[in-house]
Every structure is written in structure tokens, then in C-alpha cells.
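All letters in the sequence shown, in the order written, are residues 223 to 498 by this note's numbering. Even glycine gets a Cβ: it sits at the ideal position worked out from N, Cα and C. Bear in mind that the values here come from a model prediction, so they are computed numbers and not experimental data. Down below is the structure, laid out as C-alpha cells.
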Amino acid sequence: MKLEWADVPGARLRYRWGGSGPVVLLLHGHPRTHTTWWRVAPLLVEAGFTVVCPDLPGYGESRIGSYSKTAMAGAVAELMEERFGGAYCAVGHDRGSYVAHRLAVSHGAERLVVLDGVPVAHALGTCDAKFAAAYWHWFFFAQEEKRAEEWISRDPLAWYRNADPAAMGSENYADWRRAVTNPEVVAAMVGDYRCGPSVDRADEEADFAAGRLAGCPTLVGWSAHDDLEELHGDPVAVWRSWVTGPLRGVKIDSGHHMAEDAPEELADAIAGFMRE
223 MKLEWADVPG
233 ARLRYRWGGS
243 GPVVLLLHGH
253 PRTHTTWWRV
263 APLLVEAGFT
273 VVCPDLPGYG
283 ESRIGSYSKT
293 AMAGAVAELM
303 EERFGGAYCA
313 VGHDRGSYVA
323 HRLAVSHGAE
333 RLVVLDGVPV
343 AHALGTCDAK
353 FAAAYWHWFF
363 FAQEEKRAEE
373 WISRDPLAWY
383 RNADPAAMGS
393 ENYADWRRAV
403 TNPEVVAAMV
413 GDYRCGPSVD
423 RADEEADFAA
433 GRLAGCPTLV
443 GWSAHDDLEE
453 LHGDPVAVWR
463 SWVTGPLRGV
473 KIDSGHHMAE
483 DAPEELADAI
493 AGFMRE
């Protein structure tokens with residue numbers, strides 16, 4: 223797959239792409255870079271798709287001035303329109319799921335896959351002690367005093383200690399390590415979370431109130447060995463309030479980083495959804 227950069231209004235994006243056929247956009251989560259898809263992307267190319275994997279704006283080697291999902295999705299939408307014609311399936315994992323959702327609501331993504339995520343407005347609107355304890359980092363990162371990025375950058379490899387070089391591949395692990403040890407990237411990743419309880423929640427609630435929902439076919443996926451079901455119940459039932467198009471779910475036999483833990487199962491799920 224080719225590694226390229228694109229300058230779009232307000233952002234510079236690093237991305238990798240390859241293949242031919244219908245376009246699948248893969249958006250990673252925190253604290254990964256686009257290389258988390260290193261085993262999923264070739265499988266989708268072999269299955270007959272064009273695959274585009276950018277670093278989320280602010281993550282890896284992509285840069286942007288605002289970390290709201292509206293801004294991040296706008297930058298990615300510009301990339302997809304300029305380089306790939308604007309017709310695509312937006313697949314997002316973890317933090318990437320919020321950008322993918324915004325691409326479906328505001329930028330006309332033709333299909334949507336959300337993995338290990340529910341809308342920010344739902345998560346915060348139903349927050350209880352169990353959620354607050356499990357997702358305490360959301361509230362730590364949200365502090366305006368920028369304590370989180372200062373603390374993380376003292377020893378980022380101690381903070382981000384759940385990266386497995388064997389699962390990621392040595393080159394991809396090195397790429398990830400460069401990213402999380404860069405204070406600029408750490409500040410951007412925290413900034414992504416900081417927008418959650420403020421602008422991102424407000425944008426989602428405004429869309430919901432106005433009936434601006436995702437009208438495209440949507441696949442909701444979650445990791446069997448993570449806590450999404452435990453905290454939110456049936457993820458499909460949650461998303462049913464936010465999607466007006468056809469909707470179904472799939473559980474992936476993996477931990478949270480499903481692209482690394484179960485690439486074949488995940489690629490099969492995405493390819494099957496694309497062919498429906």
C-alpha cells in the first residue's frame with residue numbers, strides 16, 4: 223500500500239492506501255496510528271476493495287488545529303473527496319468511531335461501521351458510577367488545565383503500556399512509539415478527548431434534536447472481551463436511536479484492539495457488510 227500525505231483546509235494528513243473497487247475508509251482509535259490496520263487492510267484489498275487508512279487528525283503524523291469531531295471529520299472528508307471521489311464506507315474504531323459517525327451524518331458516507339463505541343452524548347447522558355470508574359480517563363483528559371498531557375509526557379511508555387510489538391509488527395510498533403513519545407501528539411490525543419464533553423456532545427445533541435441522523439446502512443461491532451456491553455447493554459439497541467438506515471451488529475472475538483487481535487474475523491465482517 224502507498225504511503226502519502228495530503229494538505230487539506232486546516233490539516234495535513236498522512237495516509238496509506240491501496241487496492242481497487244469500492245472504497246473502505248479505516249479510522250483507528252486511541253492511542254494508535256493508521257498502522258493498527260496492518261493485517262486488516264491487505265485482507266480487504268484481496269477481497270476487492272480500495273482501502274484508505276489515515277492517521278486520525280492530530281494522531282501519528284497527521285496534524286490539525288482543532289480536535290472536535292466536526293473538524294476532524296471535515297478534514298478526512300476533504301481527503302476522501304479530493305483523492306477518492308467521495309463515495310466510501312466509513313469504518314471507525316474507538317475514537318475513530320466518532321469521526322466515522324460524523325462522516326455519515328454530515329458528509330454523506332454511504333455506509334458506516336462503528337466499532338467499540340457508542341455516541342458521546344449517550345455515554346455521558348447515561349453515565350453512572352460504574353462508567354465513571356471504568357472511563358475515568360475521559361474526565362481526567364477533559365480538564366482544561368492540561369494536566370493530563372503534562373503527566374503523560376513525563377513517561378509516555380509507562381502510561382501507554384498496552385502495546386504488543388508482536389501483535390503490531392516491529393515497524394508499526396516503532397511508528398506508534400514515535401507518536402506517543404511526541405508531546406505534540408500526546409497533546410492532540412488528549413485534546414480529542416477534551417472536546418468530548420463539550421463541543422462533541424453539543425454537536426451530537428443538536429443533530430439528534432434536529433433529526434439529523436445517520437441514514438446509511440450501519441454495522442455496529444464490539445469486542446467480546448472488552449466492556450462495551452457491560453457498560454451500555456446491547457450496542458445495537460443504543461445505536462438504533464441514532465441511525466435511520468438498516469442496522470445490525472456483530473461481536474468480534476477479541477480484546478479492545480480488534481484489528482490487531484482478530485484481523486481475519488474483522489476483515490470478514492467488514493467485507494460481508496460491504497457486499498450486502
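Proximity winner among the options, relative to residue i (alpha-carbon distances)
i: A424; options: G241, V267, S290 and L225; result: S290
i: A491; options: R236, P439 and K473; result: K473
i: A269; options: E283, T255, P244 and R254; result: P244
i: G443; options: A432, A345 and V460; result: V460
i: C417; options: P378, R236 and G280; result: G280
i: E427; options: G287, E452, V402 and W464; result: W464
i: L435; options: D448, P468 and V412; result: P468
i: A228; options: K368, R305 and W381; result: R305
i: H323; options: C349, S375, G347 and G296; result: G296
i: A484; options: H252, T403, L337 and G318; result: L337
i: M411; options: S445, D397, R376 and A364; result: A364
i: S375; options: E283, A401 and Y357; result: A401
i: W398; options: T255, G241 and R238; result: T255
i: V407; options: N384, P378, P387 and R383; result: P378
i: E367; options: I286, A293, G413 and D449; result: G413
i: A481; options: H359, T257, G240 and G347; result: T257
i: A493; options: G240, G347 and T272; result: T272
i: E498; options: T440, S420, L235 and G339; result: T440
i: G318; options: G339, L301 and G240; result: G339
i: H315; options: P405, M496, W259 and M223; result: W259
i: S284; options: T466, A409, V313 and A354; result: A409
i: P405; options: N384, D386 and R369; result: R369
i: G307; options: A388, S242, T466 and A431; result: S242
Which residues DSSP lists as bridging residue i, in chain order
i: H315; result: L337
i: W239; result: K224 and V274
i: R234; result: D229 and R285
i: V407; result: V407 pairs with nothing; no bridge assigned.
i: L247; result: V274 and A312
Cβ neighbours of residue i in the same chain (closer than 7 angstroms, five flanking residues each side left out)
i: A299; result: L325 and H329
i: D422; result: S290, K291, Y320 and V342
i: L225; result: R238
i: M294; result: L278, P279, I286 and V321
i: P253; result: Y382, V402 and M411
i: W373; result: none
i: L488; result: V262, I474, M480 and A481
i: L301; result: A228, V230, L235, Y237 and P276
i: P419; result: L346 and A364
i: E344; result: The displayed chain sequence assigns His, not Glu, to residue 344. Contacts found: V460.
i: Y415; result: W360, F363 and A364
i: E486; result: L265
i: K352; result: L453
i: A385; result: Y395 and W398
Chain-order list of residues whose beta-carbon lies under 6 angstroms from that of residue i (same chain, five-residue window excluded)
i: E332; result: A309 and C438
i: H479; result: none
i: V458; result: V442 and G471
i: S476; result: S445, D483 and A484
i: A371; result: Looking at the sequence itself, residue 371 is Glu, so the reference to Ala does not match. Closer than 6 angstroms at Cβ, skipping near neighbours: V408, A409 and V412.
i: F495; result: L441
9 angstroms Cβ cutoff, residue i in contact with chain C
i: G307; result: This model lacks chain C altogether; it includes just one protein chain.
8 angstroms Cβ shell around residue i - same chain, five flanking residues per side excluded
i: V327; result: D429, R434, L435 and A436
i: D449; result: A356
i: T348; result: H454
The stretch 242 to 251 contacting the stretch 259 to 272, beta-carbon criterion three pairs below 8 angstroms: yes
Given 8 angstroms, three or more beta-carbon pairs between the stretch 272 to 280 and the stretch 386 to 394: no
Which ranges would you report for the alpha helix (DSSP H) in the stretch 411 to 480 if only whole runs of at least 4 residues count? 423 to 432, 450 to 454 and 457 to 461
For the stretch 441 to 455 and the stretch 224 to 239, state whether three or more C-beta atom pairs, one from each stretch, are separated by less than 8 angstroms. no
Which runs of the beta strand (DSSP E) spanning at least 3 residues fall entirely within the stretch 332 to 405, listed in chain order? 333 to 337
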